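Chemist:
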Amino acid sequence: MEFKSKDRCYLTYEWHCNQKVRMPDIRIDPVKEKLFTGDIIENNKINKISKYRTSSIPGILVISGSTFGRAKNKLYYKCIPNNPALPIFIVPYNNKSKTLSKVKIDLFVEFIFDKWVGKHPVGKLINTFGKVDNIDSYSQYQMLCYNVSHPIQKFNKLIFKKVKTITSEKDIIEDIVEKYPELENRLDKDIISIDPEGCIDIDDAMSIQKTETSTTISIYIANIPMWIDYLNIWKDLGERVTTIYFPNKKIPMLPLLLSDNLCSLLENKKRIAINMDVNIVKNIISSVSFGACLINVNKNYSYDDETLVSDETYINIFKKCKSVNKKYKYVDKIKDSHDIVEMLMLMMNHLVGRELKEKNGVFRTFNIKENHKKQKNIPSDIQRFIKTWGSNGSKYTINKNNTNHDMLSDTIDVYCHSTSPIRRMIDVINTSILMQNKNYIKNKELCQEFIDTWISKIDYINSQVKAIRKIQNQVGLLDYSSKCEFKEKILDGWIVDIQEDNTNGDYKYSVFLPDPGFVSTFISREIYKKYKKYLFSLHTFNDEHTLKRKVKISIK
Numbered sequence: 001m002e003f004k005s006k007d008r009c010y011l012t013y014e015w016h017c018n019q020k021v022r023m024p025d026i027r028i029d030p031v032k033e034k035l036f037t038g039d040i041i042e043n044n045k046i047n048k049i050s051k052y053r054t055s056s057i058p059g060i061l062v063i064s065g066s067t068f069g070r071a072k073n074k075l076y077y078k079c080i081p082n083n084p085a086l087p088i089f090i091v092p093y094n095n096k097s098k099t100l101s102k103v104k105i106d107l108f109v110e111f112i113f114d115k116w117v118g119k120h121p122v123g124k125l126i127n128t129f130g131k132v133d134n135i136d137s138y139s140q141y142q143m144l145c146y147n148v149s150h151p152i153q154k155f156n157k158l159i160f161k162k163v164k165t166i167t168s169e170k171d172i173i174e175d176i177v178e179k180y181p182e183l184e185n186r187l188d189k190d191i192i193s194i195d196p197e198g199c200i201d202i203d204d205a206m207s208i209q210k211t212e213t214s215t216t217i218s219i220y221i222a223n224i225p226m227w228i229d230y231l232n233i234w235k236d237l238g239e240r241v242t243t244i245y246f247p248n249k250k251i252p253m254l255p256l257l258l259s260d261n262l263c264s265l266l267e268n269k270k271r272i273a274i275n276m277d278v279n280i281v282k283n284i285i286s287s288v289s290f291g292a293c294l295i296n297v298n299k300n301y302s303y304d305d306e307t308l309v310s311d312e313t314y315i316n317i318f319k320k321c322k323s324v325n326k327k328y329k330y331v332d333k334i335k336d337s338h339d340i341v342e343m344l345m346l347m348m349n350h351l352v353g354r355e356l357k358e359k360n361g362v363f364r365t366f367n368i369k370e371n372h373k374k375q376k377n378i379p380s381d382i383q384r385f386i387k388t389w390g391s392n393g394s395k396y397t398i399n400k401n402n403t404n405h406d407m408l409s410d411t412i413d414v415y416c417h418s419t420s421p422i423r424r425m426i427d428v429i430n431t432s433i434l435m436q437n438k439n440y441i442k443n444k445e446l447c448q449e450f451i452d453t454w455i456s457k458i459d460y461i462n463s464q465v466k467a468i469r470k471i472q473n474q475v476g477l478l479d480y481s482s483k484c485e486f487k488e489k490i491l492d493g494w495i496v497d498i499q500e501d502n503t504n505g506d507y508k509y510s511v512f513l514p515d516p517g518f519v520s521t522f523i524s525r526e527i528y529k530k531y532k533k534y535l536f537s538l539h540t541f542n543d544e545h546t547l548k549r550k551v552k553i554s555i556k
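The numbers in UniProt numbering rise by one with no breaks, and the one at position 106 of the sequence shown is 106.
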């Protein structure tokens, strides 16, 4: 039977057997026996096997409060675990802060269980992230709390070691071309990329070629599988599933030497790419082909670059995309560069999906609940979010018979993420399958082992992606709220979900705030209408159980 606490003081707790049946008559005092959630009883003996006895624990070290004795040259401070089912710890800490301020600010920390002799269990500090009022410290702490913090220091060192043996970037590219002679030389193509301002991890680029009878639009994607194959690092990629973006920084999925340099499709640099060539005759897609090639991007544009609209390649791509989209409806309208990039990426993910449907690709599914599919008199951006919020959840699947994606055009019958391999592991998997099937990979067995291993962890990928989105929302909303902390911020918000608590008559409302683009909740006994816009004010507060700063909204 397993012990499960409901609070820090063990005022309420349960005993569970293997069949998850509650066993309320166990006469054991969990405080006296110094148990943790996860400890078990076997044959009337207590077996202290809780993961919290060996795994690291995120918590807040309360250096602003009282001390609890001394350990050599350190003082014991109270430490509040993020998990509210764990008791309060005391942890020795030497406060070396040299600030003149008398105000002490608590710290986000990581610690491990040491011993439990007195009233409180004792922890041992293993990492300090920083002060609780620092947004970067908060983001690191949240990553640990949601188990998405996967260090890649060893991977970074390995990549640096492998690359430094070759004297220059030019030599590396030439070496790849020599070892992979099947690469097509496309250095003569006029290729451009379009990304947000300041982007340096550039996944995709595009070109266009016309003849008297047809037009070919080519989409180029950073060829991560070929780099993995060339460097022989199929077994070294670690557990990160996506790049994480925070307000002030990003946590890259791949080492920066790869993501921001060698693999990135930077202008005036020879790069290895995957190409998808879409041949168009009379605005109808007549054929699609895939390959690997050597390219040189002429120009990295940002979306709002004023010179983009005068670029001949962009002008021709814009015209052709606008005509093709009238038939295939990949996006609602083609108005600007954002729409062009969106359409081309949707097109490639769709066509890669068709290519991999019978070849064990990983597909993106998205099922919208029927009552969320159509809401009248709501702006299109809000409508799109409502569909997302009211879905059965988007997820990755290997089931080729379940590839429905309600958020996308009816044209898209199957969808495989493949256009962002620098920042998404799923895209690495799918492009690896693509390159393997096209016979561009030398280490076929290692590549297949990599594919099989990650496909077996689809549930892990889905849970990690979901947790990362939640963290990005929390960090982004707190950062936004903190910047307007000294003045009341009034925002438009749309109620997108309502949950009734039958025990006390409260309603929990989920609210989408278009500016700044995050979700928050509030609880009220008042009844408000779903899919209606109201005014809200933002407030920050400290959670009473975990001491973490949070954001709440109040309806005006």
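All C-beta atoms, glycine included, are put in the ideal place defined by N, C-alpha and C. Keep in mind the model is a prediction, meaning the values are calculated, not measured.
Determine the DSSP secondary structure at ARG70, reduced to helix, strand or coil.
Modeler: One-based indexing of the sequence shown puts residue 70 at position 70. ARG70: strand per DSSP, three-state reduction.
Chemist: By the three-class DSSP mapping on this structure, what secondary structure does TYR141 have?
Modeler: In the sequence shown, counting from the first residue as 1, residue 141 sits at position 141. Helix, per DSSP.
Chemist: Short check: CB of VAL297 to CB of ILE228, under 8 Å?
Modeler: As a working note, residue 297 is residue 297 in the sequence shown. As a working note, residue 228 is residue 228 in the sequence shown. The answer is no: Cβ separation not under 8 Å.
Chemist: From the DSSP output, which residues share a beta bridge with CYS293?
Modeler: Residue mapping note: residue 293 aligns to position 293 of the sequence shown, counting from 1. In the DSSP output, where bridge partners are listed per residue, CYS293 has GLU184, ALA273.
Chemist: Measure the C-alpha to C-alpha separation of LYS322 and ASN349 and round it to an integer number of angstroms.
Modeler: By one-based count along the sequence shown, residue 322 stands at place 322. By one-based count along the sequence shown, residue 349 stands at place 349. Between LYS322 and ASN349, the C-alpha separation is close to 19 Å.
Chemist: Taking only runs that begin and end inside the stretch 27-113, name each unbroken beta strand (DSSP E) of 3 or more residues, in chain order.
Modeler: Listed in chain order, the complete beta strand (DSSP E) runs (minimum 3 residues) inside the stretch 27-113 are 40-42, 45-47, 57-71, 74-81, 89-93.
Chemist: DSSP has ILE244 in a bridge; who is on the other side?
Modeler: The residue given as residue 244 occupies position 244 in the sequence shown. Answer is ILE251, bridged to ILE244.
Chemist: Give me, in chain order, the residues of the same chain whose beta-carbon lies closer than 6 Å to that of LYS335; leave out the 5 immediate sequence neighbours on both sides.
Modeler: As a working mapping, residue 335 is identified with position 335 in the sequence shown. There are no such residues.
Chemist: Might you give, ordered along the chain, the residues of its own chain that have their beta carbon closer than 6 Å to the beta carbon of THR397, omitting 5 neighbours on each side?
Modeler: The sequence position of residue 397 within the sequence shown is 397, counting from 1. Excluding residues within five positions, the ones whose Cβ falls inside 6 Å are PHE363, THR365.
Chemist: When you compare each of LYS154, LEU231, ASN279, LEU266 to GLU212 by their alpha carbons, which one comes out closest?
Modeler: Locating residue 212 in the sequence shown gives position 212, where the first residue counts as 1. Nearest C-alpha to GLU212: ASN279.
Chemist: Could you give the C-beta distance for PHE111 and VAL91, rounded to a whole number, given that I count them as a contact under 8 Å?
Modeler: For this step, residue 111 is matched to residue 111 along the sequence shown. For this step, residue 91 is matched to residue 91 along the sequence shown. 5 Å between Cβ atoms; contact.
Chemist: Going straight from the alpha carbon of LYS6 to that of ASN134, what length do you get?
Modeler: For the purposes of this step, residue 6 is taken as the residue at position 6 of the sequence shown. For the purposes of this step, residue 134 is taken as the residue at position 134 of the sequence shown. In a straight line, the C-alpha of LYS6 is about 30 Å away from that of ASN134.
Chemist: Alpha carbon to alpha carbon, what distance is there between PHE129 and TYR138?
Modeler: Numbered from its first residue, the sequence shown carries residue 138 at position 138. Numbered from its first residue, the sequence shown carries residue 129 at position 129. If I take the Cα positions, the gap works out to 8 Å.
Chemist: Verify whether the separation of the beta carbon atoms of ASP106 and SER66 is less than 8 Å.
Modeler: Your numbering for residue 106 matches position 106 in the sequence shown. Your numbering for residue 66 matches position 66 in the sequence shown. Not a contact, by the Cβ cut-off of 8 Å.
Chemist: Let me check understanding here. Comparing Cα to Cα, which of ALA71, TYR76, ILE284, TYR52 lies closest to VAL62?
Modeler: Counted from its first residue, the sequence shown places residue 62 at position 62. The candidate whose alpha carbon is nearest that of VAL62 is TYR76.
Chemist: At the level of alpha carbons, what is the spacing between SER310 and ARG271?
Modeler: Translated into the one-based positions of the sequence shown, residue 310 becomes position 310. Translated into the one-based positions of the sequence shown, residue 271 becomes position 271. The alpha-carbon atoms of SER310 and ARG271 are separated by roughly 25 Å.
Chemist: So what's LYS438 in DSSP terms, helix, strand or just coil?
Modeler: In the sequence shown, the residue the question calls residue 438 occupies position 438. Note: LYS438 maps to coil in three-state DSSP.
Chemist: In whole angstroms, give me the CA-to-CA distance for ARG8 and GLN142.
Modeler: Counting from one through the sequence shown, the residue named residue 8 turns up at place 8. Counting from one through the sequence shown, the residue named residue 142 turns up at place 142. Their backbone Cα atoms lie some 20 Å apart in a straight line.
Chemist: Give the straight-line distance between the Cα atoms of PHE108 and THR54, rounded to the nearest whole angstrom.
Modeler: Reading the sequence shown from its first residue, position 108 is the one you call residue 108. Reading the sequence shown from its first residue, position 54 is the one you call residue 54. So the alpha carbons of these two residues sit roughly 20 Å apart.
Chemist: Hey, would you say the C-beta of LYS157 is under 7 Å away from at least one heavy atom of the ligand COA?
Modeler: With respect to the ligand COA, the structure shown offers nothing to examine, as it has no ligands at all.
Chemist: Between which residues of its own chain and TYR230 is the CB-CB distance below 6 Å, once the five residues before and five after are set aside?
Modeler: Counting from one through the sequence shown, the residue named residue 230 turns up at place 230. Result list for TYR230: ILE176, in chain order.
Chemist: Just the C-alpha distance for SER520 and LEU538, rounded to the nearest angstrom, thanks.
Modeler: The sequence position of residue 520 within the sequence shown is 520, counting from 1. The sequence position of residue 538 within the sequence shown is 538, counting from 1. Going by the C-alpha atoms only, they are around 10 Å apart.
Chemist: Roughly how far, in whole angstroms, is the beta-carbon of ILE221 from the beta-carbon of SER418, given that I think they are within contact range, below 8 Å?
Modeler: Taking the first residue of the sequence shown as position 1, residue 221 is located at position 221. Taking the first residue of the sequence shown as position 1, residue 418 is located at position 418. Contact holds; Cβ gap of about 7 Å.
Chemist: Are LYS530 and ILE498 closer than 8 Å when you measure CB to CB?
Modeler: Within the sequence shown, residue 530 is the residue found at index 530, counting from 1. Within the sequence shown, residue 498 is the residue found at index 498, counting from 1. Yes, they are a contact pair.
Chemist: Tell me, please, whether the stretch 82-97 touches the stretch 148-163 by the rule of three or more beta-carbon pairs shorter than 8 Å.
Modeler: Cβ pair count under 8 Å is below three, so no.
Chemist: So is CYS17 buried or exposed if we call it buried at 16+ other beta carbons inside 10 Å?
Modeler: Residue 17 sits at position 17 when you count from the first residue of the sequence shown. So CYS17 ends up on the exposed side.
Chemist: Rounded to whole angstroms, how far is the Cβ of ASN268 from the Cβ of SER218, which I believe are closer than 8 Å?
Modeler: What you label residue 268 is simply residue 268 of the sequence shown in a count that begins at 1. What you label residue 218 is simply residue 218 of the sequence shown in a count that begins at 1. So it is not a contact: roughly 19 Å between Cβ atoms.
Chemist: Is the beta carbon of ASN430 sitting closer than 8 Å to the one on VAL352?
Modeler: Within the sequence shown, numbered from 1, the residue matching residue 430 stands at position 430. Within the sequence shown, numbered from 1, the residue matching residue 352 stands at position 352. In contact: ASN430 and VAL352 (Cβ atoms closer than 8 Å).
Chemist: Answer yes if the stretch 439-453 comes into contact with the stretch 192-207, meaning at least three C-beta pairs across the two stretches below 8 Å, and no otherwise.
Modeler: With the cut-off at 8 Å, the stretch 192-207 and the stretch 439-453 do not touch.
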